[in-house]
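To keep things clear, I will list the structure first and then write my remarks on it.
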Amino acid sequence: VKYINVAIDIVRRLPDCKNIFNADLSVNKGTPSNPVVYVQYESIDGRIQSEYYTLNVLDYYFRKQSKSE
Numbered sequence: 001v002k003y004i005n006v007a008i009d010i011v012r013r014l015p016d017c018k019n020i021f022n023a024d025l026s027v028n029k030g031t032p033s034n035p036v037v038y039v040q041y042e043s044i045d046g047r048i049q050s051e052y053y054t055l056n057v058l059d060y061y062f063r064k065q066s067k068s069e
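Counting with the UniProt record's numbering, you get residues 1 to 69 for the letters of the sequence shown.
So this is what it looks like as structure tokens:
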């Protein structure tokens with residue numbers, strides 16, 4: 001759950017993010033030993049966008065956020 005929440009936090013800060021409507025572990029990207037979290041959102045121009053993050057990227061972002069708080 002931590003990884004999904006971090007991915008949502010990253011996407012909600014994107015300048016074109018209007019609405020997040022889905023986030024989960026991807027079954028099509030990554031591998032069982034290196035899973036990927038995806039977040040789907042509606043951009044300000046109405047298009048559906050997807051962002052994918054490895055757990056390593058999310059760990060880095062989480063550590064960076066924790067240090068700044």
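We put the CB at the ideal spot given by N, CA and C, even for glycine.
In or out: residue i buried (at least 16 other Cβ within 10 Å) or exposed?
i: Asn41; result: The sequence given here has Tyr at residue 41, not Asn. Looking at its Cβ environment, which holds 16 or more other Cβ atoms inside 10 Å, Tyr41 is buried.
i: Ile10; result: buried
i: Val1; result: exposed
From residue i to residue j, what does the alpha carbon distance come to, in whole angstroms?
i: Ser26; j: Glu51; result: 11 Å
i: Ser43; j: Tyr3; result: 22 Å
i: Thr31; j: Asp45; result: 32 Å
i: Lys18; j: Arg12; result: 8 Å
i: Arg63; j: Ala7; result: 13 Å
To the nearest whole angstrom, what separates the beta carbons of residue i and residue j, a pair I think is in contact under 8 Å?
i: Tyr53; j: Val37; result: 5 Å
Measuring CA to CA, which of the options is closest to residue i?
i: Asp16; options: Ser66, Ser33, Asn56 and Arg47; result: Arg47
i: Asn22; options: Gln65, Arg63 and Asn5; result: Asn5
i: Asn34; options: Asn56, Lys64, Asn19 and Ile8; result: Asn56
i: Leu14; options: Lys29, Asp59 and Val39; result: Val39
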